[in-house]
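Residue numbers (my numbering): 1 to 138.
So this is what it looks like as structure tokens:
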């Protein structure tokens with residue numbers, strides 16, 4: 001999942017992995033680049049959607065470092081700018097960035113057009129559809 005800011009002049013984004021937690025019936029964010037995940041104060045791993053909602057509402061979050069130590073406040077500040085809109089492949093799998101011919105899907109806030117999107121990118125503001133549970137394998 002690519003996580004992007006609202007500012008088209010800010011070319012920095014962040015890419016993370018999402019995992020489906022069937023026991024919680026939700027996605028959780030795993031930041032393999034920064035070796036972290038974010039949780040509620042009670043310790044429940046958060047989804048990107050929950051992180052965005054908590055950031056907007058000013059609600060607390062806890063950073064869990066998988067390796068090493070870094071400043072959690074700076075980490076959450078970095079995330080605050082990259083939770084505005086999201087883009088991912090319609091179908092996931094290994095090495096999709098190299099020569100992938102499938103479609104990307106962008107979750108955009110209502111009224112926001114996004115930037116640098118390919119013509120084939122599906123644009124939506126339907127968060128429920130975007131964050132829907134994965135379909136079982138056939």
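Glycine included, each C-beta is placed from N, C-alpha and C at the ideal position.
{"Item": "Where residue 79 falls: helix, strand or coil (DSSP)", "Value": "helix"}
{"Item": "The region 69 to 81 contacting the region 33 to 44, beta-carbon criterion three pairs below 8 Å", "Value": "yes"}
{"Item": "Cα-Cα separation between residue 56 and residue 122, rounded to whole angstroms", "Value": "25 Å"}
{"Item": "For residue 55, three-class secondary structure by DSSP", "Value": "helix"}
{"Item": "C-alpha gap between residue 3 and residue 86, whole angstroms", "Value": "5 Å"}
{"Item": "At least three beta-carbon pairs within less than 8 Å, the region 12 to 24 to the region 42 to 53", "Value": "yes"}
{"Item": "Straight-line gap, residue 53 to residue 102 (C-alpha atoms, nearest Å)", "Value": "30 Å"}
{"Item": "Cutoff 8 Å; reference residue 115; Cβ partners in own chain excluding five residues on either side", "Value": "8"}
{"Item": "Chain-order list of residues whose beta-carbon lies under 7 Å from that of residue 60 (same chain, five-residue window excluded)", "Value": "41"}
{"Item": "C-alpha gap between residue 108 and residue 125, whole angstroms", "Value": "5 Å"}
{"Item": "For residue 34 and residue 1, the rounded distance between their alpha carbons", "Value": "14 Å"}
{"Item": "Candidates 130, 104, 84, 105, of which the one nearest residue 10 by Cα", "Value": "84"}
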